[in-house]
Amino acid sequence: MNSFTLLLDRTWYGNTVRAWLTGAVIAVAVFLITSGVRLLVTRRLEKVAARTANPYDDFLLEVVRRTRAYFLFFLAVVAGTRGLALPGNLPATLDTAMIVIALLQAGVWGNALIRAWVEHYLAQRAERAEPASLATIRAMGFIARFVVWALLLVTALDSLGFKVSALVTGLGVGGIAVALAVQNILGDLLAAMAIVVDKPFVVGDFIVVDTLSGTVEHIGLKTTRVRSLGGEQIIFSNAELLKSRVRNFKRMVERRVLFTTDVRYDTPPGVVAQIPALLQELVESQEPVRFDRAHFAAFGESALRFETVYYVLDADYKRYMDIQQAINLALLERFAAMGVEFAFPSRTVYHVNAGGAAAAGEG
């Protein structure tokens with residue numbers, strides 16, 4: 072047996088030199104292989120991400136990039152020492168250290184995923200979203216990262232042997248006290264997040280809330296500000312706003328219009344029968360509209376009433392008013408040509424004179 076073999080078989084700190092060298096080779100091999108795999112996967116994902124618009128490969132690329140060298144190093148050390156008889160509490164210490172390092176790496180991955188999602192969301196809506204909404208999304212990302220790190224910190228402390236039950240209980244009681252103290256602010260903040268994510272309205276939309284109406288100017292973390300038709304600014308609490316019934320006229324696809332036309336009772340029946348077709352003709356001559364119906368609807372107190380319904384295929388209020396004005400002007404011209412008179416409120420009073428003759432007078 073030569074001296075080199077004797078050296079390899081020599082025991083050192085509970086293991087032969089051969090075992091130590093084997094563990095070192097395993098550790099180096101694991102580190103090099105995992106580092107190489109990380110590099111290859113990164114390059115492959117970079118090519119895939121450059122060709123596709125899918126955000127998920129970008130998220131995966133960010134996770135791979137954020138895989139730290141210290142995590143791979145500790146992973147290699149644990150793999151290399153598995154076949155060794157380590158003295159004392161060293162195996163348990165290595166396992167605990169690996170857990171802490173793994174939690175730290177998980178925090179880095181979680182932080183990278185949240186940041187990548189926030190940046191992707193902001194990039195998709197940067198041009199059409201208002202600054203307040205973007206700020207709310209960033210605040211949500213910050214809160215999510217804080218929660219991730221807080222959970223990982225508690226888990227790490229528990230793995231190190233600290234009694235975290237009292238800490239968690241204290242934080243829970245303290246959190247409840249703080250939440251009760253600032254519940255209105257938290258309610259408005261959560262409502263702002265709901266508005267940003269669910270988008271019942273955005274800046275520029277014309278909304279009606281109960282008896283108040285106006286154009287949304289700003290969506291903040293606590294309040295939403297609306298400019299009314301009268302010019303004044305109306306400030307709504309976000310929480311109260313979401314509890315109300317909000318009508319969003321900006322998202323109207325088409326506008327239903329109903330208008331009535333009253334003519335005199337002495338209009339000949341033949342002319343009365345022609346008026347619904349006339350109304351249909353006048354409505355259908357406008358663009359963009361969809362005619363629904365026109366009918367001789369009722370005998371009014373002082374007029375024969377016609378009811379017309381049509382749809383304006385545009386949400387613009389001014390466009391609707393222009394169309395209705397054109398219909399009204401055309402109706403005036405056609406009635407004048409036909410000799411049809413519009414009715415006006417009036418009453419016919421009958422009275423009997425002393426001789427028993429009846430007379431009628433309009434008023």
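Mapped onto the numbering used here, the consecutive letters of the sequence shown carry residue numbers 72 to 434. Just so it is clear, CB atoms sit at the ideal spot from N, CA and C, and this is done for glycine as well.
| F406 - containing alpha helix (DSSP H), residue span | In the sequence shown, residue 406 corresponds to position 335, counting from 1. F406 -> alpha helix (DSSP H) spans 388-409.
| Bounding residues of the alpha helix (DSSP H) (the contiguous stretch that carries A369) | Your numbering for residue 369 matches position 298 in the sequence shown. Looking at the DSSP string, A369 is not in any alpha helix (DSSP H); the run it does join, the beta strand (DSSP E), is 360-370.
| Cβ neighbour criterion (16 or more within 10 Å) applied to Q176 | Here residue 176 refers to the residue found at position 105 of the sequence shown. The residue is buried, with at least 16 neighbouring Cβ atoms inside 10 Å.
| message | Out of G341, T294, K321, which one is the CA nearest neighbour of G410? | response | For the purposes of this step, residue 410 is identified with residue 339 of the sequence shown, where counting begins at 1. Check the Cα spacing between G410 and each of G341, T294, K321: the tightest is with G341.
| Do S284 and Y336 have their CB atoms nearer than 9 Å? | Reading the sequence shown from its first residue, position 213 is the one you call residue 284. Reading the sequence shown from its first residue, position 265 is the one you call residue 336. Not in contact: S284 and Y336 (Cβ atoms no closer than 9 Å).
| said: Cutting at 6 Å between CB atoms, please list the residues of its own chain near E378, excluding the five before and the five after it. | reply: Stepping through the sequence shown from its first residue, residue 378 is reached at position 307. Counting only Cβ-Cβ distances below 6 Å, and skipping sequence neighbours, we find T331, H366, A368.
| request: Whole angstroms is fine: what's the gap from Q304's alpha carbon to V267's? | output: Position 233 of the sequence shown holds residue 304. Position 196 of the sequence shown holds residue 267. Going by the C-alpha atoms only, they are around 21 Å apart.
| Residue from F130, I170, R153 with nearest C-alpha to E190 | Locating residue 190 in the sequence shown gives position 119, where the first residue counts as 1. Considering only F130, I170, R153, the residue with the shortest C-alpha distance to E190 is F130.
| said: My output table needs one value for Q345: the three-state DSSP class, helix, strand or coil. | reply: Looking up residue 345 in the sequence shown gives position 274. Correct three-state label for Q345: helix.
| said: Using only CA atoms, which one of D281, T282, L312 lies nearest to R296? | reply: Stepping through the sequence shown from its first residue, residue 296 is reached at position 225. For the options D281, T282, L312, the alpha carbon positioned closest to that of R296 is the one of L312.
| said: Between R364, T226, F415, which has its C-alpha nearest V380's C-alpha? | reply: Position 309 of the sequence shown, counting from 1, holds the residue named residue 380. In this structure, R364 is the residue among R364, T226, F415 with its C-alpha nearest to the C-alpha of V380.
| request: Could you check what DSSP says for R109 in three-state terms: helix, strand or coil? | output: Taking the sequence shown and counting its residues from 1, one reaches residue 109 at position 38. Helix.
| C-beta atoms of A397 and Q351 nearer than 9 Å | Start at 1 with the first residue of the sequence shown, and residue 397 comes out as number 326. Start at 1 with the first residue of the sequence shown, and residue 351 comes out as number 280. Q351 is positioned such that its CB atom lies no closer than 9 Å to that of A397.
| message | With a threshold of 8 Å, are at least 3 pairs of Cβ atoms found where one atom belongs to the region 218-235 and the other to the region 164-180? | response | Result yes; three or more Cβ-Cβ pairs closer than 8 Å.
| Reference L155; option with closest CA among L375, V88, K293 | Along the sequence shown, read from residue 1 onward, the residue named residue 155 stands at position 84. When only C-alpha atoms are compared, the closest one is V88.
| message | If you reduce the DSSP assignment to three classes, tell me which class D128 lands in. | response | For the purposes of this step, residue 128 is taken as the residue at position 57 of the sequence shown. Three-state DSSP puts D128 in a helix.
| said: Using a Cβ-Cβ cutoff of less than 7 Å, which residues in the same chain neighbour A95 once the five nearest sequence positions on both sides are dropped? | reply: Here the question's residue 95 lines up with position 24 in the sequence shown. Exclusion of the five residues before and after A95 leaves G151 as the residues of its chain whose Cβ lies within less than 7 Å of its Cβ.
| query | CB-CB under 6 Å to Y382, same chain, minus the five flanking residues each way: which ones, in chain order? | reply | Along the sequence shown, one-based indexing puts residue 382 at 311. In chain order, E325, R327, R361 place their CB closer than 6 Å to the CB of Y382, counting only its own chain and leaving out the 5 sequence neighbours on each side.
| Pick from M264, Q345, R298 that is closest to N309, judged by C-alpha positions | Position 238 of the sequence shown, counted from the first residue, corresponds to residue 309. Nearest in C-alpha terms to N309, of all of M264, Q345, R298, is M264.
| In this structure, does DSSP put R209 in helix, strand or coil? | On the sequence shown, residue 209 is found 138 positions in, with the first residue counted as 1. DSSP places R209 in helix when its eight states are reduced to three.
| query | Just curious, the alpha helix (DSSP H) that L292 is in, first and last residue? | reply | One-based indexing of the sequence shown puts residue 292 at position 221. It is not in any alpha helix (DSSP H) - L292 carries neither H nor E in the DSSP assignment.
| field | Opening and closing residue of the alpha helix (DSSP H) in which N160 lies | value | Position 89 of the sequence shown, counting from 1, holds the residue named residue 160. It is not in any alpha helix (DSSP H) - N160 carries neither H nor E in the DSSP assignment.
| Where F142 sits in the DSSP three-state scheme | Looking up residue 142 in the sequence shown gives position 71. Looking at F142 - three-state DSSP - the assignment turns out to be helix.
| task | With DSSP collapsed to three states, give me the class of D333. | result | As a first step, residue 333 must be located in the sequence shown, where it is residue number 262. Correct three-state label for D333: strand.
| request: Could you check if T294 is buried or exposed, using at least 16 other CB atoms within 10 Å of its CB as the buried criterion? | output: If you number the sequence shown from 1, residue 294 lands on position 223. With 16 or more other Cβ atoms within 10 Å, it is buried.
| task | Quick one: grab the DSSP three-state call for E133. | result | Here residue 133 corresponds to residue number 62 of the sequence shown, with the count starting at 1. DSSP, reduced to helix, strand and coil, places E133 within a helical segment of the structure shown.
| request: Please check the pair A120 and D128, which I expect to be a contact at CB under 8 Å, by giving their CB distance rounded to whole angstroms. | output: Numbered from 1 along the sequence shown, position 49 holds the residue referred to as residue 120. Numbered from 1 along the sequence shown, position 57 holds the residue referred to as residue 128. In this structure A120 touches D128 by the C-beta definition: roughly 5 Å separates them, less than 8 Å.
| said: Between D166, I290, G159, R209, which has its C-alpha nearest G232's C-alpha? | reply: Residue numbering aside, residue 232 sits at position 161 when the sequence shown is read from its first letter. If we check each option's Cα against that of G232, D166 comes out closest.
| Got a sec, what are the start and stop residues for the alpha helix (DSSP H) E378 sits in? | Here residue 378 corresponds to residue number 307 of the sequence shown, with the count starting at 1. In the DSSP assignment, E378 falls outside any alpha helix (DSSP H) and within the unbroken beta strand (DSSP E) covering 375-383.
| For K389, which of I170, F370, T105, K321 has the nearest alpha-carbon? | Against the sequence shown, residue 389 aligns to sequence position 318. The option with the nearest alpha carbon to K389 is K321.
| request: May I ask you to report which of helix, strand or coil DSSP gives T338? | output: The sequence position of residue 338 within the sequence shown is 267, counting from 1. In this structure, T338 counts as coil in the three-state DSSP scheme.
| task | Provide the residue span of the alpha helix (DSSP H) that contains A310, from first to last. | result | Taking the first residue of the sequence shown as position 1, residue 310 is located at position 239. Counted as a single uninterrupted DSSP element, the alpha helix (DSSP H) harbouring A310 occupies residues 309-314.
| Taking C-beta to C-beta, are P126 and A187 nearer than 9 Å? | The residue you call residue 126 lines up with position 55 of the sequence shown. The residue you call residue 187 lines up with position 116 of the sequence shown. Taking a C-beta distance under 9 Å as the contact criterion, P126 and A187 qualify as a contact pair.
| Where do the ends of the beta strand (DSSP E) carrying F277 lie? | As a first step, residue 277 is located in the sequence shown; it is residue number 206 there, counting from the start. Its beta strand (DSSP E) spans residues 277-280.
| query | By how many angstroms is the C-alpha of V134 removed from the C-alpha of R153? | reply | Against the sequence shown, residue 153 aligns to sequence position 82. Against the sequence shown, residue 134 aligns to sequence position 63. If you draw a straight line from the Cα of R153 to the Cα of V134, it comes to about 28 Å.
| said: Using the three-state DSSP reduction, which class does Q357 fall into: helix, strand or coil? | reply: Reading the sequence shown from its first residue, position 286 is the one you call residue 357. Q357: coil per DSSP, three-state reduction.
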